[in-house]
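What follows is one structure encoded as C-alpha cells, with my remarks underneath.
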Amino acid sequence: MPDINPATAQEDTTKPALSHSLVLFGALGDLSLRKLMPALYRLEEAQLLSDDLQIMAVARSAIDQQQLRQRITDCLHQYIGSSNQLQKDTLLRFLQRLSYCQIDLTKPQDYLKLSQQLGSWHPQITFYLATPPDLYSSICDHLHSASAITERCRIMVEKPIGHDLASSIIINDKLGQYFDENQIFRIDHYLGKETVQNLIALRFANPLFESQWNHQYIDYVEISVAEDVGIEGRWGYFDKAGQMRDMVQNHLLQLLCMVAMDPPSQLCANSIRDEKVQVLKALKPIPLDAVDKHLVLGQYTDGQHQGDAAPGYLNEADANIHSNTETFLALRAEISNWRWNGTPFYLRTGKRMAEKVTEIIIHYKPDGHFIFSEEQATIAQNKLVIRLQPYESISLQVLTKEPGIDKSMQLRRDPLHLDFAQTQSQARIPDAYERLLLEALKGNQSLFVRRDEVELAWQWCDQIRQAWKTAKLPLDIYAAGSNGPQQACNMIENHGHRWYEHCNETNYYRSDKPSNLPNNIQWQTHSSAEQLANTLAATIAQQLHLTLEESPRASLAISGGRTPKAMLQQLSQQQIDWSRVDITLADERWVNDKDNSSNGALVKKFLLQNHAAKATFYPLFTGENSAAAGQAHCQQQLKNMHWPLSVLVLGMGNDGHTASLFPLCPALPRALSTTDICIATQAPTSPADRITLSANSLMNAKHTHLHIEGMAKLQALELAIQLHDPKQMPIFTFLQQSINIHWCP
Numbered sequence: 001m002p003d004i005n006p007a008t009a010q011e012d013t014t015k016p017a018l019s020h021s022l023v024l025f026g027a028l029g030d031l032s033l034r035k036l037m038p039a040l041y042r043l044e045e046a047q048l049l050s051d052d053l054q055i056m057a058v059a060r061s062a063i064d065q066q067q068l069r070q071r072i073t074d075c076l077h078q079y080i081g082s083s084n085q086l087q088k089d090t091l092l093r094f095l096q097r098l099s100y101c102q103i104d105l106t107k108p109q110d111y112l113k114l115s116q117q118l119g120s121w122h123p124q125i126t127f128y129l130a131t132p133p134d135l136y137s138s139i140c141d142h143l144h145s146a147s148a149i150t151e152r153c154r155i156m157v158e159k160p161i162g163h164d165l166a167s168s169i170i171i172n173d174k175l176g177q178y179f180d181e182n183q184i185f186r187i188d189h190y191l192g193k194e195t196v197q198n199l200i201a202l203r204f205a206n207p208l209f210e211s212q213w214n215h216q217y218i219d220y221v222e223i224s225v226a227e228d229v230g231i232e233g234r235w236g237y238f239d240k241a242g243q244m245r246d247m248v249q250n251h252l253l254q255l256l257c258m259v260a261m262d263p264p265s266q267l268c269a270n271s272i273r274d275e276k277v278q279v280l281k282a283l284k285p286i287p288l289d290a291v292d293k294h295l296v297l298g299q300y301t302d303g304q305h306q307g308d309a310a311p312g313y314l315n316e317a318d319a320n321i322h323s324n325t326e327t328f329l330a331l332r333a334e335i336s337n338w339r340w341n342g343t344p345f346y347l348r349t350g351k352r353m354a355e356k357v358t359e360i361i362i363h364y365k366p367d368g369h370f371i372f373s374e375e376q377a378t379i380a381q382n383k384l385v386i387r388l389q390p391y392e393s394i395s396l397q398v399l400t401k402e403p404g405i406d407k408s409m410q411l412r413r414d415p416l417h418l419d420f421a422q423t424q425s426q427a428r429i430p431d432a433y434e435r436l437l438l439e440a441l442k443g444n445q446s447l448f449v450r451r452d453e454v455e456l457a458w459q460w461c462d463q464i465r466q467a468w469k470t471a472k473l474p475l476d477i478y479a480a481g482s483n484g485p486q487q488a489c490n491m492i493e494n495h496g497h498r499w500y501e502h503c504n505e506t507n508y509y510r511s512d513k514p515s516n517l518p519n520n521i522q523w524q525t526h527s528s529a530e531q532l533a534n535t536l537a538a539t540i541a542q543q544l545h546l547t548l549e550e551s552p553r554a555s556l557a558i559s560g561g562r563t564p565k566a567m568l569q570q571l572s573q574q575q576i577d578w579s580r581v582d583i584t585l586a587d588e589r590w591v592n593d594k595d596n597s598s599n600g601a602l603v604k605k606f607l608l609q610n611h612a613a614k615a616t617f618y619p620l621f622t623g624e625n626s627a628a629a630g631q632a633h634c635q636q637q638l639k640n641m642h643w644p645l646s647v648l649v650l651g652m653g654n655d656g657h658t659a660s661l662f663p664l665c666p667a668l669p670r671a672l673s674t675t676d677i678c679i680a681t682q683a684p685t686s687p688a689d690r691i692t693l694s695a696n697s698l699m700n701a702k703h704t705h706l707h708i709e710g711m712a713k714l715q716a717l718e719l720a721i722q723l724h725d726p727k728q729m730p731i732f733t734f735l736q737q738s739i740n741i742h743w744c745p
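Using the numbering used here, read the sequence shown as starting at 1 and increasing by one per residue.
In C-alpha cells:
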C-alpha cells in the first residue's frame with residue numbers, strides 16, 4: 001500500500017481553480033436522478049453555481065436534448081416538489097446548462113463522440129462517475145484514449161472503492177495512472193452531512209467539549225446506522241458486499257475518524273485527512289482468539305415493520321436462499337493512542353431494523369464521588385447524542401432536580417437540545433450532495449477521502465472478515481422490525497456497557513405526567529403500543545356515542561400517518577351507530593386515496609371495516625390535477641360534514657409537525673390563521689404536496705387526542721413546550737387548548 005505524501009497534494013495555500021464543466025456519467029441512473037440533479041438544482045436556486053458552468057449528461061439511452069430536459073424536470077418534480085414549488089426562472093436556467101451525449105460506457109469508440117462535444121467546453125472539467133465501481137477503470141482508460149483527460153481535469157468517484165484491499169489498490173492505481181491525488185475526489189456522502197461537519201465545530205470551537213474529549217472523561221462511544229428498509233432491488237450488489245463492506249468500511253469508519261481524530265494543525269484538506277489517517281493506523285486488529293467477544297453478525301428473518309409483514313432476507317425477491325451474508329453487524333473497536341486508550345468504540349449497523357436512525361452517542365464517565373441517593377447512581381452519566389437521521393440534531397443530556405417542594409433531591413435527565421432545522425431557523429437542511437458537488441467544483445478536498453484512508457480502512461476490515469471466517473463465527477438471526485439480534489446486547493453488556501436505547505432512559509422520560517405540561521392537558525401513559533391502541537379506540541368510541549346522544553350526527557378526523565393502524569383496527573370493532581358518523585382525514589398527501597401510501601387508503605383498509613363500514617368517509621383528495629384543485633374540491637365537500645369535529649386524533653413528528661402543519665413551511669402562517677376548512681401545503685423536507693385541515697378547523701374539535709410513541713417524540717413534545725412557538729413546533733398550537741395525550745415508551 002503506497003504512502004501518500006501530503007506535500008504532493010494541492011494544499012489550501014493557493015486557491016484551486018473553479019470547474020466550469022461538469023460531465024456526469026450515469027446521468028439517468030437512480031443516484032443521479034434522485035440525488036445529483038436535485039442537488040445541482042438547489043445550488044442553482046441558491047445562486048452558488050458559476051454563471052458559465054455547463055453540465056454534460058452521459059448515458060446510453062437514445063434520447064434527444066429536449067427529452068433529457070423533460071426527464072430531468074420530471075425527476076425534480078418528484079424529488080423536490082411540483083411545478084408550483086419549483087421556481088420557473090431557476091428551472092429554466094438550470095435546464096439551459098444541460099447537454100446530452102449518448103454513449104455505451106463499454107465501447108471505446110463512443111468516447112470519441114464525447115471528446116468532440118467537449119472540445120469547445122472550458123477545459124477545467126470535473127468528471128463524476130455515478131456508475132458501478134467496476135466501470136471506473138474502463139471509463140478512465142477510454143477517456144484517456146479519447147484524449148479527454150488533461151492536467152486540469154478532476155474526477156469524482158463513489159465509495160466503496162473496490163470490495164477489499166486488493167481490488168481497491170487496482171482501482172486506485174488506475175485512477176492514479178491518469179489523475180494526480182489532488183485531482184481525485186472520492187465521495188463518502190456522510191462527510192457532506194451538516195451534523196458531521198458540525199462535529200468539527202462542536203469539538204474544536206468549544207473548549208467545554210475538547211478539554212474532555214478523551215479516555216479520562218469518556219466511558220465509551222456508540223456509532224449506530226440503522227435502516228428500516230430491506231434490499232430494495234439491490235440484491236445483486238448487497239449479497240456480495242454485506243454490512244462490513246457496504247456500511248462499516250464505507251461510512252461508519254469515517255464517522256469514527258471524525259469523532260476520534262486529534263485537532264488538525266489547520267482547517268484544510270490534508271491536515272484534516274492526516275488526522276483521520278492516524279486514527280485508522282491506531283485501530284487495533286480484533287484478537288483472533290476472541291472474535292466472538294468483539295463481533296456479532298446477524299441476518300433478518302420474517303417479521304413486521306410498522307404493522308405490515310416484512311419478509312426475511314432469504315425471502316426477499318431474487319434471494320439466494322443459501323446466502324450467509326450479514327445484514328447486521330456489531331463490533332467493539334479499540335484505538336491504541338494516548339487519547340483513546342481504554343475507551344472502546346461500538347459500531348453497529350443493520351437492515352430491516354425497528355427505525356431508520358443514524359447517531360453517535362458519547363457516554364461520559366460518572367463522577368467518582370456521588371453525593372445523591374444510591375438508587376439514583378444508575379442515571380448519573382451525561383450523554384452527548386449526535387443524530388444524523390432522521391433529523392439532524394445534537395442533544396446533551398444533563399441531570400437536574402425534579403421540580404416540586406416534595407421531591408427532595410430527586411434527579412431527572414433533561415436535554416440541552418440543538419435541532420438545526422428549528423433552532424437555527426432553517427426551513428431545509430441542505431442535502432449532503434449539494435455540499436459535496438459544490439466543494440468538488442471549487443477544488444476543495446476537505447470533504448473527500450484520500451487514497452491512504454480508503455486502503456487503511458480496507459486493511460482493517462479485511463482482517464476482521466478473515467478473523468470471523470477463521471473462527472467460523474455464527475450468523476445470528478433477528479426479526480425484521482427489531483433492534484437486531486440479542487447477541488449484540490450480550491456482547492456490549494459483557495464489556496460492562498449498554499446500547500443507548502437500553503440505558504434505563506425511563507429515568508429520563510418518566511412514566512408520570514411531565515412536570516412542564518400545562519394544566520389543560522390530560523396525560524395518560526400506556527405500558528405498550530397495544531394498550532395505547534385499545535384504550536384510545538374505546539375512548540373515541542365513547543365520545544362519539546355521547547355526541548350522537550345529543551346530535552343527529554358525529555364526526556371524526558384522523559391524522560398520524562401509519563402509526564395509528566392498530567388503533568384504527570380496534571376502533572372499527574366498536575359498537576356504536578356508525579351510520580351517523582362522518583369520517584375525514586386531518587391531512588393527506590396529494591395522492592388518490594386508492595394509493596397505498598395515502599392516509600385515505602390506511603383508513604379504508606383498517607377503519608372502514610366491521611361495524612365502522614357504515615360510516616360516511618370524506619377523503620381529502622379524489623383525483624384532482626393539483627393540490628390546489630384538491631383543496632377547492634375538499635372545501636366544498638367537507639361542508640357537508642358535521643362541524644365542529646366531535647373527535648380529532650392527531651399524531652406528531654419528531655420535528656413537532658402535526659397533520660401537515662410543518663415547521664417553517666411557507667404555507668404554515670396561513671394554515672394557522674385562515675378560516676378556510678382546508679388548505680394546500682407541503683412538507684419542507686419532502687417532495688409531496690399535501691392537503692390539510694387548517695388549524696382553525698382542527699382546534700374547534702370537541703375532543704382532541706394526541707398519540708405519541710417512543711422517547712424521541714416525547715423529547716420533541718417537551719421541546720415544543722419549551723420553545724413556545726407554533727412556527728417552530730406547530731404542535732404547540734394544540735397544547736394551548738384542552739387535549740388528551742396518550743404516550744407509550
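All C-beta atoms in this analysis are idealised placements derived from N, C-alpha and C, irrespective of residue type, glycine included. This one's a predicted model, so the numbers in the text were calculated from it and none came from an experiment.
For W460, the enclosing alpha helix (DSSP H) starts and ends at 451–470. For A612, there is no enclosing alpha helix (DSSP H), as DSSP marks it with neither H nor E. By the neighbour-count definition (other C-beta atoms within 10 Å, threshold 16), Y237 is an exposed residue. With respect to the C-alpha of H611, the residue from Q573, K88, I218 having the closest C-alpha is Q573. Between Q569 and V647, the alpha-carbon positions lie close to 17 angstroms from each other. Around F127, the same chain offers V23, I155 as residues with beta carbons nearer than 6 angstroms, after the five sequence neighbours per side are excluded. For the pair V296 and R670, the Cα-to-Cα distance works out to about 52 angstroms. Secondary structure at P344: coil, using DSSP grouped into helix, strand and coil. The beta-bridge partner set that DSSP reports for G298 consists of F328, D476. V649 and E588 have their C-alpha atoms roughly 14 angstroms apart. With a cutoff of 8 angstroms on beta-carbon distance, C153 and I125 are scored as near each other. Annotation for F372: no alpha helix (DSSP H) segment contains it, and DSSP assigns it neither H nor E. Judged by DSSP in its simplified three-state form, G303 adopts strand. The DSSP-derived three-state label of W523 is strand. Counting only residues of its own chain and dropping the five nearest sequence neighbours on each side, S697 has a CB closer than 6 angstroms to the CB of I677. If you look at H163, you'll find it isn't in any beta strand (DSSP E); DSSP assigns it neither H nor E. In the three-state DSSP reduction, H363 falls in the strand class (E or B). For W235, the uninterrupted alpha helix (DSSP H) segment begins and ends at 235–243. Taking all protein chains shown into account, E158 has 16 or more neighbouring C-beta atoms within 10 Å of its C-beta and is therefore buried.
The segment 131–151 makes contact with the segment 104–111; the number of CB pairs closer than 8 angstroms reaches 3 or more. A buried status is given to H363, since no fewer than 16 other beta-carbon atoms sit within 10 Å of its beta-carbon. Buried is the label assigned to L436, since at least 16 other Cβ atoms lie within 10 Å of its Cβ. Restricting attention to T692, E232, P730, S626, the CA atom closest to the CA of L638 is found in T692. Residue state for M261 is assigned as coil, using DSSP reduced to three classes. Annotated three-state conformation of T126 is strand, per DSSP. Non-local beta-carbon contacts of E44 in its own chain, meaning distances under 7 angstroms to residues more than five positions away in sequence, involve T90, R93, F94 in chain order. For F185, DSSP records a beta bridge to M156. Residue pairing by DSSP places H417 opposite S395 in a beta bridge. Y391 is a Cβ neighbour of N654, given a cutoff of 8 angstroms. Closest option to I739, judged by alpha-carbon separation, among I708, I731, T704, Q728: T704. Burial state of H251 is buried, judged by a 10 Å Cβ sphere holding 16 or more other Cβ atoms. Nearest to Q445 by alpha-carbon distance, out of K702, G230, C268, T535, is C268. If you ignore the 5 residues before and after L49, its C-beta comes within less than 7 angstroms of the C-beta of L43, all in its own chain and listed in chain order.
DSSP places N740 within a strand segment (E or B) once states are collapsed to three.
E222 has Y346, I361 as its beta-bridge partners, per DSSP. T150 and D180 have their C-alpha atoms spaced approximately 11 angstroms apart.
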